[in-house]
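Q: FYI, our numbering numbers position 216 of the sequence shown as 239, with every residue one higher than the one before it. Where a beta carbon is used, it is the ideal one built from N, C-alpha and C, also for glycine.
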Amino acid sequence: MMNVNRFVVFSKSVKLTKRLLVCHVRPAGKQELHVQQQRSIKTHSRNLAYAKDLFLGQVNKAEVFPYPEIGNEEVDELNQLVAPVERFFSEEVDSAKIDREARIPPETLNGLKELGLFGIMVPEEYGGLGLSNTMYARLAEITSLDGSIAVTLAAHQAIRLKGILIAGNEAQKEKYLPKLASGEHIAAFCLTEPGSGSDAASIQTRATLSEDGTHYLINGSKFWISNGNMADVMTVFARTEVVVDGEKKDKITAFIVERAFGGVTNGKLEDKLGIRGSNTCEVNFDNVPVPVENVIGEVGGGFKVAMNILNSGRFSMGSSSAGMIKKLIEMTSEFAMTRKQFNKRLGEFGMIQEKFALMALNAFVMESMAYLTAGMMDRPGLPDCSLEAAMVKVFSSEGGWICVSEALQILGGLGYTKNYPYERFVRDCRILPIFEGTNEILRMYVALTGMQYAGKIITGKIKEMKKGNIGLALGMVGQKLRTSLGGSVDLGLTGKDGVVHPSLAESAKKLELNVSLFGSTVESLLYRFGKVLLANTFCSEAFFKNNYWMTQLQKHAPENNDANIKKIAREVLENRAYVCSHPLERTY
Numbered sequence: 024m025m026n027v028n029r030f031v032v033f034s035k036s037v038k039l040t041k042r043l044l045v046c047h048v049r050p051a052g053k054q055e056l057h058v059q060q061q062r063s064i065k066t067h068s069r070n071l072a073y074a075k076d077l078f079l080g081q082v083n084k085a086e087v088f089p090y091p092e093i094g095n096e097e098v099d100e101l102n103q104l105v106a107p108v109e110r111f112f113s114e115e116v117d118s119a120k121i122d123r124e125a126r127i128p129p130e131t132l133n134g135l136k137e138l139g140l141f142g143i144m145v146p147e148e149y150g151g152l153g154l155s156n157t158m159y160a161r162l163a164e165i166t167s168l169d170g171s172i173a174v175t176l177a178a179h180q181a182i183r184l185k186g187i188l189i190a191g192n193e194a195q196k197e198k199y200l201p202k203l204a205s206g207e208h209i210a211a212f213c214l215t216e217p218g219s220g221s222d223a224a225s226i227q228t229r230a231t232l233s234e235d236g237t238h239y240l241i242n243g244s245k246f247w248i249s250n251g252n253m254a255d256v257m258t259v260f261a262r263t264e265v266v267v268d269g270e271k272k273d274k275i276t277a278f279i280v281e282r283a284f285g286g287v288t289n290g291k292l293e294d295k296l297g298i299r300g301s302n303t304c305e306v307n308f309d310n311v312p313v314p315v316e317n318v319i320g321e322v323g324g325g326f327k328v329a330m331n332i333l334n335s336g337r338f339s340m341g342s343s344s345a346g347m348i349k350k351l352i353e354m355t356s357e358f359a360m361t362r363k364q365f366n367k368r369l370g371e372f373g374m375i376q377e378k379f380a381l382m383a384l385n386a387f388v389m390e391s392m393a394y395l396t397a398g399m400m401d402r403p404g405l406p407d408c409s410l411e412a413a414m415v416k417v418f419s420s421e422g423g424w425i426c427v428s429e430a431l432q433i434l435g436g437l438g439y440t441k442n443y444p445y446e447r448f449v450r451d452c453r454i455l456p457i458f459e460g461t462n463e464i465l466r467m468y469v470a471l472t473g474m475q476y477a478g479k480i481i482t483g484k485i486k487e488m489k490k491g492n493i494g495l496a497l498g499m500v501g502q503k504l505r506t507s508l509g510g511s512v513d514l515g516l517t518g519k520d521g522v523v524h525p526s527l528a529e530s531a532k533k534l535e536l537n538v539s540l541f542g543s544t545v546e547s548l549l550y551r552f553g554k555v556l557l558a559n560t561f562c563s564e565a566f567f568k569n570n571y572w573m574t575q576l577q578k579h580a581p582e583n584n585d586a587n588i589k590k591i592a593r594e595v596l597e598n599r600a601y602v603c604s605h606p607l608e609r610t611y
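(1) Return the residue from the list L607, T544 and I319 that minimises the CA-CA distance to Q81.
(2) Select from E207, R161, G325 and L152 the residue whose C-alpha is nearest the C-alpha of R229.
(3) Using only the alpha-carbon positions, how far apart do K75 and Y468 sit?
(4) Could you have a look at L686 and say whether DSSP puts it in helix, strand or coil?
(5) Skipping 5 residues on each side, what residues in its chain have a beta carbon closer than 7 Å to that of E608?
(6) Is L549 helix, strand or coil by DSSP?
(7) Buried or exposed: which applies to E124, given that a residue is buried once 16 or more other Cβ atoms fall within 10 Å of its Cβ?
(8) For I454, which residues from the same chain have a beta carbon less than 7 Å from its beta carbon, with the 5 sequence-adjacent residues on both sides left out?
(9) Taking 8 Å as the cut-off, decide whether the C-beta atoms of M382 and I348 are in contact.
(10) One question on the structure: do E86 and M399 come within less than 8 Å of each other, judged by their Cβ atoms?
(11) Using the rule of at least 16 other Cβ atoms within 10 Å of the residue's Cβ for burial, across every protein chain shown, is M158 buried or exposed?
(12) Starting from S249, follow the alpha helix (DSSP H) in both directions and report where the run begins and ends.
(13) Should Y615 go down as buried or exposed, given a rule of 16 or more other Cβ atoms within 10 Å for buried?
(14) Go through its chain and collect everything with a Cβ distance to T461's Cβ below 7 Å, but skip five positions before and after it.
(15) Sort M474, Q475, V328 and G290 by Cα distance to T276 and report the nearest one.
(16) Indicate whether G134 and F111 have their beta-carbon atoms separated by less than 8 Å.
(17) Just to confirm before moving on: does the CB-CB distance between M253 and I209 stay below 8 Å?
(18) Which same chain residues, not among the five before or five after I625, have their C-beta less than 7 Å away from its C-beta?
(19) Checking the sheet assignment: what are the DSSP bridge partners for I362?
(20) In chain order, what residues of the same chain have a beta carbon less than 8 Å from the beta carbon of A359, not counting five sequence neighbours either side?
(21) Near G341, what residues of its chain come up, given a Cβ to Cβ distance below 6 Å and the 5 sequence neighbours on each side ignored?
(22) Quick check: what's the CA-CA separation for V306 versus G483?
(23) At which residues does the beta strand (DSSP E) containing I189 begin and terminate?
(24) CB-CB under 7 Å to T517, same chain, minus the five flanking residues each way: which ones, in chain order?
(25) Under 6 Å Cβ to Cβ from G346, same chain only, skipping five residues before and after it: list those, please.
(26) Rounded to the nearest angstrom, what separates H238 and V311 at their Cα positions?
(27) For D451, which residues from the same chain have a beta carbon less than 6 Å from its beta carbon, with the 5 sequence-adjacent residues on both sides left out?
(28) Applying the criterion that 16 or more other CB atoms from any shown protein chain within 10 Å of the CB defines a buried residue, is S343 buried or exposed?
(29) Compare the C-alpha of E321 against each of T288, T263, V108 and L292 and name the closest.
(30) What separation, rounded to the nearest whole angstrom, lies between the Cα atoms of V287 and L232?
(31) Expressed to the nearest angstrom, what Euclidean distance is found between the alpha-carbon atoms of R282 and I189?
(32) Assuming C213 is part of the beta strand (DSSP E), what are its boundary residues?
(33) Could you check if N366 is buried or exposed, using at least 16 other CB atoms within 10 Å of its CB as the buried criterion?
(34) Where DSSP assigns a beta bridge to T517, which residues make up the other side?
(35) Here's the rule: buried if 16 or more other CB atoms are within 10 angstroms of the residue's CB, otherwise exposed. What is L437?
(36) Name the two residues that bound the continuous alpha helix (DSSP H) containing K327.
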C-alpha cells in the first residue's frame with residue numbers, strides 16, 4: 024500500500040506581491056508574444072537559507088511563507104500568454120513524427136521562434152520576453168509535452184545563453200542576446216568531455232593566449248552537446264594558464280565561441296534511446312581563435328560560472344515533470360474508465376486507484392516545490408537557491424520516471440506498443456535522472472553543502488559555550504533532552520501564531536518532528552566524525568535514521584491512508600484529469 028503520509032502539504036494561503044506581466048497576443052496569424060511591462064517583485068532580499076537550515080533542524084518560515092502567489096488580474100494575463108503556446112503544442116507539434124524521424128521539423132522550430140520561446144528569460148531590452156523564473160516554470164509545463172522540444176529549448180536558454188545573462192558584460196549582451204532571443208542564432212553549452220562527465224573540474228580542453236594578447240586559441244573536444252550540430256554560439260569551458268601569487272596555475276575559463284570563428288566541427292548525431300528529436304553530438308575545436316573580449320566573467324573564473332549556470336536551471340524540472348504527469352493522468356484515466364475486466368472498469372480496482380493517487384500526489388508535490396523555488400529565485404538580488412533546485416531536480420526526475428512507468432502499466436500491453444505515446448514518454452523520461460547533474464552527484468552535493476553549513480554554525484556555538492555562554496549551553500542541552508525523551512517539537516508551523524492551515528496541523532507536526540530529528544542526526548554525525556566525515560557515511564546513516572523515524576511516525580498515524588487514496592483516485596477518474604488547482608491560480 025502506498026503511504027501518503029510522507030507527502031507533507033504546505034499552506035499556500037498568503038500573497039507574494041508581484042507584478043507579473045502585461046502581454047498581448049498579435050491577432051491574425053502572428054503568434055508572437057509582446058511583453059509591455061517588466062516584473063518588479065516587492066519583497067525583501069533573500070538573506071536566509073531554507074534548505075540549509077533543515078540541516079540544523081530548523082524551518083525558516085520567512086523563506087516559504089507566504090507561498091508565492093499572483094493576483095486574479097495577473098492570472099488572467101498569464102493565461103493570455105500561455106494559451107497560444109498550448110494551442111501550438113496541441114495542433115502543430117507531431118511528437119510521434121519527431122521521435123520517428125529523430126529531428127524537429129524546420130516549420131516547428133520556426134513556430135517556436137514566432138512564439139518567442141527562444142527568448143523567454145532574455146530581458147526585453149535585448150529582444151526577449153523578459154519573463155520571471157515563475158513564468159518560465161509555467162511554460163515548461165507545456166513544452167515538456169514533447170521531450171525533444173523541451174530539451175532543445177532548455178539547452179538553448181536554461182543553461183546555454185544563461186552564462187551571458189548572469190556573468191556577461193554589457194557589450195556581450197548587446198552583441199549576442201538579440202539574435203539568441205529571436206532564435207536566429209541557436210546556443211549550446213560545451214562543458215562535458217569524453218574523459219570528464221560529472222567531474223567538471225577535470226576537463227582537458229585548453230585555451231592558449233596568443234603572443235600579442237588579443238585572442239585565445241581553443242583546442243579540444245566536447246561530448247554530449249545538446250544543439251551541438253546547429254549551434255551558432257557556444258559557451259565553451261577550457262583550461263587557461265593564470266598567475267596566482269606569482270605561481271602559474273591551470274584554471275577553467277568560460278568563453279563565448281562563434282561557429283563563424285572557424286575551426287569548429289562536430290561529429291555525427293547520437294542515436295539515442297529517448298529525446299530522439301533533440302540534437303546531440305560531439306563538438307571539436309581545432310585552433311579556434313576567440314577574442315579576449317569573449318571571456319565570460321574573469322579569466323580563471325569559469326568553474327564558478329559553470330556551476331552557477333547549472334544550479335540556476337534545475338528548478339524547472341519540477342514543473343516540466345508535473346506537466347508531463349498531468350497529461351498522462353488525462354490519457355490513462357480515460358482508458359481506465361472505459362476499459363472493463365471481470366465486469367468492472369479498471370478504475371474501480373484498488374491497485375489501479377493507487378497508481379492514480381501516486382501520480383496525482385507526485386504532480387502536486389513537484390509543482391509545489393518548483394513554484395516555491397521559482398518564487399525564491401525571483402526575489403531581488405542574486406539569491407542562492409542551488410540546494411533547493413537540486414532537491415527539486417532529484418525528486419522530480421525520479422518521481423517522473425516512476426509515474427510514467429505506472430501510466431504504461433495501467434494500459435498493459437497496449438502501452439508497450441508504438442501505437443500509443445506511453446513508450447515514448449518512458450524513453451524520453453529516462454534521461455531526467457542523468458542530465459543537468461546526475462542524481463547521485465546532486466545527492467552528494469546536497470549532503471555535503473548542508474553538512475558544511477551546519478558544521479560552521481555548530482562549531483561557532485561550541486566556541487561560544489567554551490567562552491562561558493551558559494544560556495546557549497542550557498538551550499542546546501534542553502533541546503536535546505526534549506528530543507531524546509520524545510517531547511513535542513514546536514517550530515512555529517502550527518498553533519496560535521502558526522502559518523499552515525489548521526486542516527494541515529497534523530501533517531505539520533509530523534514535519535516538525537522529522538526536521539528536528541534530522542537536525543539531531545546531522546549534529547551527532549558532526550560531533551562523531553568532524554572534518555573527516557565522509558559523504559557516504561552521512562548519506563547512509565542519515566537516511567536510515569530518518570527513514571526509521573518516518574516509519575515510526577507513519578506507524579502511529581490515527582488511520583491508514585486507504586480512504587485518502589480512494590478519494591484522490593475517485594476525483595481524478597471522475598474528472599478524467601488532474602484535479603488540484605494550479606499553484607499560480609490559488610489567489611486569495
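A: Put simply:
(1) The residue labelled residue 81 in the question sits at position 58 within the sequence shown. Nearest option by C-alpha distance: T544.
(2) By one-based count along the sequence shown, residue 229 stands at place 206. The residue with the shortest Cα to Cα distance from R229 is G325.
(3) One-based indexing of the sequence shown puts residue 75 at position 52. One-based indexing of the sequence shown puts residue 468 at position 445. Those two C-alpha atoms are separated by around 12 Å.
(4) Residue 686 is absent from the model: the chain starts at 24 and stops at 611.
(5) Locating residue 608 in the sequence shown gives position 585, where the first residue counts as 1. Closer than 7 Å at Cβ, skipping near neighbours: V98.
(6) If you number the sequence shown from 1, residue 549 lands on position 526. Under the three-state reduction of DSSP output, L549 falls in the helix class.
(7) Counting from 1 along the sequence shown, the entry for residue 124 is found at position 101. Of the residues assessed, E124 falls on the exposed side of the cut-off, its CB having fewer than 16 other CB atoms within 10 angstroms.
(8) By one-based count along the sequence shown, residue 454 stands at place 431. G297 and I298.
(9) For the purposes of this step, residue 382 is identified with residue 359 of the sequence shown, where counting begins at 1. For the purposes of this step, residue 348 is identified with residue 325 of the sequence shown, where counting begins at 1. Cβ distance < 8 Å, so M382 and I348 count as in contact.
(10) Along the sequence shown, one-based indexing puts residue 86 at 63. Along the sequence shown, one-based indexing puts residue 399 at 376. Taking 8 Å as the cut-off, the Cβ atoms of E86 and M399 count as close.
(11) Position 135 of the sequence shown, counting from 1, holds the residue named residue 158. Buried, because 16 or more other Cβ atoms sit within 10 Å of the Cβ of M158.
(12) Position 226 of the sequence shown, counting from 1, holds the residue named residue 249. Note, S249: premise wrong, no alpha helix (DSSP H); beta strand (DSSP E) at H238 to S249.
(13) Given that the chain is displayed from residue 24 to residue 611, the structure contains no residue 615 and the question cannot be resolved.
(14) Taking the first residue of the sequence shown as 1, we reach residue 461 at position 438. Hits under 7 Å: S221.
(15) Translated into the one-based positions of the sequence shown, residue 276 becomes position 253. The residue among M474, Q475, V328 and G290 with its C-alpha nearest the C-alpha of T276 is V328.
(16) Numbered from 1 along the sequence shown, position 111 holds the residue referred to as residue 134. Numbered from 1 along the sequence shown, position 88 holds the residue referred to as residue 111. Between G134 and F111, the gap from beta carbon to beta carbon is short of 8 Å.
(17) Start at 1 with the first residue of the sequence shown, and residue 253 comes out as number 230. Start at 1 with the first residue of the sequence shown, and residue 209 comes out as number 186. Yes, the Cβ-Cβ distance between M253 and I209 is below 8 Å.
(18) With the chain represented from 24 up to 611, any question about residue 625 goes unanswered, as that position is not in the structure.
(19) For this step, residue 362 is matched to residue 339 along the sequence shown. The amino acid occupying residue 362 in the given sequence is Arg; Ile does not appear at that position. Answer is none; R362 lacks a bridge partner.
(20) Counting from 1 along the sequence shown, the entry for residue 359 is found at position 336. Sequence-distant Cβ neighbours of A359 in its own chain, meaning closer than 8 Å and more than five residues away, are R368, L369, G370, I375, F379, I433 and L596.
(21) Taking the first residue of the sequence shown as position 1, residue 341 is located at position 318. For G341, where only same-chain residues beyond five positions count, the Cβ hits under 6 Å are M389, M392, A393, V415 and S419.
(22) The residue labelled residue 306 in the question sits at position 283 within the sequence shown. The residue labelled residue 483 in the question sits at position 460 within the sequence shown. Cα-Cα distance, rounded: 48 Å.
(23) Within the sequence shown, residue 189 is the residue found at index 166, counting from 1. Where I189 is concerned, there is no enclosing beta strand (DSSP E), although the alpha helix (DSSP H) it sits in stretches over K185 to A190.
(24) Indexing the sequence shown from 1 puts residue 517 at position 494. Shown here for T517: same chain residues with a beta carbon closer than 7 Å to its own, the five before and five after excluded, namely V523, A528, A531 and K532 in chain order.
(25) For this step, residue 346 is matched to residue 323 along the sequence shown. Excluding residues within five positions, the ones whose Cβ falls inside 6 Å are E164 and S167.
(26) Locating residue 238 in the sequence shown gives position 215, where the first residue counts as 1. Locating residue 311 in the sequence shown gives position 288, where the first residue counts as 1. Cα to Cα, H238 sits roughly 10 Å from V311.
(27) Mapped onto the sequence shown, residue 451 falls at position 428. Cβ contact annotation for D451 (same chain, cutoff 6 Å, sequence separation greater than five): G170, G297 and I298, in chain order.
(28) In the sequence shown, counting from the first residue as 1, residue 343 sits at position 320. The residue in question, S343, is buried, as its Cβ has 16 or more Cβ neighbours within 10 Å.
(29) Along the sequence shown, read from residue 1 onward, the residue named residue 321 stands at position 298. Out of T288, T263, V108 and L292, T263 has the C-alpha closest to the C-alpha of E321.
(30) Here residue 287 refers to the residue found at position 264 of the sequence shown. Here residue 232 refers to the residue found at position 209 of the sequence shown. Their Cα atoms are separated by approximately 18 Å.
(31) Here residue 282 refers to the residue found at position 259 of the sequence shown. Here residue 189 refers to the residue found at position 166 of the sequence shown. When the Cα atoms are used, R282 and I189 turn out to be separated by approximately 22 Å.
(32) Position 190 of the sequence shown, counted from the start, is the residue given in the question as residue 213. Counting along the chain, the beta strand (DSSP E) containing C213 begins and ends at A210 to C213.
(33) Numbered from its first residue, the sequence shown carries residue 366 at position 343. Exposed is the call here.
(34) On the sequence shown, residue 517 is found 494 positions in, with the first residue counted as 1. In the DSSP assignment, no residue is bridged to T517.
(35) Taking the first residue of the sequence shown as position 1, residue 437 is located at position 414. L437 comes out exposed.
(36) Taking the first residue of the sequence shown as position 1, residue 327 is located at position 304. Here the alpha helix (DSSP H) through K327 covers G325 to G336.
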